[in-house]
Ligand code: CUA
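Numbering (the working numbering), first residue to last: 2 to 164.
Right, dumping it as structure tokens:
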């Protein structure tokens with residue numbers, strides 16, 4: 002029995018190589034954005050009862066607001082509802098690491114914090130978590146970016162980062 006060589010057309014071979022190179026490039030882009038630039042996927046941190054989420058102590062969401070865990074390390078819980086964020090304004094010190102917890106008590110909302118990678122969907126029944134370090138002082142506006150009704154465009158807030 003003679004061995005047969007597998008014959009690949011040169012054009013096909015070229016495209017197989019291009020395909021493999023592209024996969025390597027894309028995998029590289031994922032690693033660089035994840036480990037080099039610190040991009041994170043917003044993971045659901047917990048499940049919560051949206052009917053009780055505004056009641057202090059009733060759910061794992063706890064009270065909305067800013068909590069300083071240690072100097073320069075904050076936990077911020079923000080509750081979304083039609084059509085406001087609670088709290089609407091928070092103040093922290095520059096250089097602080099902030100872990101945000103968002104949830105909604107009614108419909109689907111979203112949030113993007115200007116000038117940061119923080120960009121999440123806010124779903125009733127789910128707590129979304131994401132961390133960010135605010136190196137530069139300034140005012141960072143955040144807006145709801147999921148259409149949530151007639152007052153959607155009035156739904157925003159502000160993070161004041163003090164020097
Ligand atoms: Cu909330 Cu749009």
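Here a beta-carbon is modelled for each residue, glycine too, at the ideal position from N, C-alpha and C.
Original post:
Nearest to residue 114 by CA position, among 94, 19, 9, 158, is which residue?
Top reply: 158
Original post:
Counting along the chain, where does the beta strand (DSSP E) carrying residue 1 start and finish?
Top reply: It is not possible to answer for residue 1, since the shown part of the chain is limited to 2 through 164.
**OP:** Within its chain, find whatever has a CB closer than 7 angstroms to the CB of residue 2; leave out the 5 residues flanking it on each side and keep chain order.
**Re:** Any reading at residue 2 must be qualified, since the residue scores a pLDDT of 49, below 50, and its modelled position is unreliable; the value itself is stated next. Counting only Cβ-Cβ distances below 7 angstroms, and skipping sequence neighbours, we find nothing.
**OP:** Starting from the N-terminal end, write out each residue whose C-beta falls within a distance shorter than 5 angstroms of any non-hydrogen atom of ligand 1.
**Re:** 110, 145, 149, 153, 156
**OP:** Could you tell me which residues DSSP pairs with residue 140 in its beta bridges?
**Re:** 161
Subject >> Span separating the alpha-carbon of residue 121 from that of residue 135 >> reply: Using only the alpha carbons, I get a separation of about 17 angstroms.
Original post:
When the Cα atoms are used, what is the spatial distance from residue 123 to residue 68?
Top reply: If I take the Cα positions, the gap works out to 20 angstroms.
Original post:
Hey, is the stretch 102 to 112 in contact with the stretch 142 to 150, meaning 3+ C-beta pairs nearer than 8 angstroms?
Top reply: These segments touch.
Original post:
Looking only at C-alpha atoms, which of 95, 101, 96 sits nearest to residue 87?
Top reply: 101
Original post:
Around the C-beta of residue 133, are 16 or more other C-beta atoms found within 10 angstroms, so that it is buried, or is it exposed?
Top reply: buried
**OP:** Kindly indicate the opening and closing residues of the alpha helix (DSSP H) around residue 13.
**Re:** Here the alpha helix (DSSP H) through residue 13 covers 11 to 32.
**OP:** Taking residue 51 as the reference, give the member of 41, 45, 62 with the closest Cα.
**Re:** 62
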